[in-house]
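Here's the structure we're looking at; comments come further down.
Numbering (the numbering used here), first residue to last: 4 to 372.
Written out as structure tokens, the structure reads:
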């Protein structure tokens, strides 16, 4: 792990895994449309601006907002120090931000009390519809990273994709360096702790949670995707960015998982029951490009999204020249495989609430008679 990057303590959400290890996390909330509850997206350079937003334009689900995207002060391809300067862009009417904002645990719990379930439109607060159709990405970072230096990239993803982002550090990384040495067992326990916080504390349903694993992060992400599928509550999607078959296979083609191997994604992949998007650069010199190709072959056909294999891209950076393609393909994945299901679930929830309210009214009328 790299030396820990400085974080603003007030914005850190502390989790405890099953081994009793304390790990830090942060939650970035995206701006949402008040009517549909879908996340608002900043437009790519060259896209037309629409009136009605602080960024100069607005659209949802496939929502676009302002031409300033990609001109973030924090370059998302680098790892600058963490910054949360200013909570500008807040709508005082309903406390839904007009730009992505990092949230404290108290703010998230208050949002939960006001709106019921953040991911489903349940509950009875005035902001329940504004939180119903924006998926939440559970982000598992790469090896030489921690929460501090991935924050700009996570905020960029939230802004461009119209999604919430929940990222966490592994035991032994960042502010959790005092919790012991990293291990596969701790990584799996860490991702479960992060998922449990989203699913049980914030009550975001599994179908509203997407897993994003970059490099090392593909290990806990594949593990959790397979685990939730086995338990009958598969997550809404899985994005694997520069994943590997297993750790040993990066340097040795073993043909099978050897004793002592770690993060054997190839063994978990056949059990995944969520749409999977693979992203890999063809010039990756750390994790060979063919690892993604071979992992794709192990995913059951109905769950294979069209992969994004980027010519001449390496392992560590999404360069500015390919960023528009990167964002556009991620949006296509969301629009094809994720958002339609969320919209249908929302319609079903609304119909169920309407039927329940009608039954309550009918019962009251009968009592009055």
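Glycine included, each C-beta is placed from N, C-alpha and C at the ideal position.
Contact annotation: residue 106 and residue 14 have beta-carbon atoms nearer than 9 angstroms. Contact annotation: residue 259 and residue 223 have beta-carbon atoms that are not nearer than 9 angstroms. Inside the stretch 141-211, DSSP marks whole alpha helix (DSSP H) runs of 4 or more residues at positions 150-164 and 187-199, from first to last along the chain.
Here the stretch 178-195 lies against the stretch 10-24, with 3 or more beta-carbon pairs under 8 angstroms apart. Judged by DSSP secondary structure, residue 241 falls within the beta strand (DSSP E) whose first and last residues are 240-244. Residue environment analysis places residue 287 among the buried positions, since at least 16 neighbouring C-beta atoms fall within 10 angstroms of its C-beta.
Judged by their CB atoms, residue 334 and residue 44 are nearer to each other than the 9 angstroms cut-off. At the C-beta level, residue 213 and residue 239 come within 9 angstroms of one another.
Bounds of the beta strand (DSSP E) holding residue 280 are 279-284. Residue environment analysis places residue 162 among the buried positions, since at least 16 neighbouring C-beta atoms fall within 10 angstroms of its C-beta.
For the 9 angstroms CB-CB criterion, residue 345 and residue 308 do not form a contact. Separation of residue 317 and residue 285 (C-alpha to C-alpha, rounded to the nearest whole angstrom) is 7 angstroms. Under the three-state reduction of DSSP, residue 50 is assigned to coil, being neither helix nor strand.
In the structure shown, the three-state DSSP call for residue 30 is strand. A residue is called buried once 16 or more other Cβ atoms fall within 10 Å of its Cβ, and residue 303, having fewer, is exposed. Excluding residues up to 5 positions away in sequence, 5 lie with their Cβ nearer than 7 angstroms to the Cβ of residue 147 in the same chain. When the Cα atoms are used, residue 365 and residue 38 turn out to be separated by approximately 28 angstroms.
For residue 266, there is no enclosing alpha helix (DSSP H), since its DSSP letter is neither H nor E. Going by DSSP, residue 231 is part of no beta strand (DSSP E) but of the alpha helix (DSSP H) stretching over 221-233.
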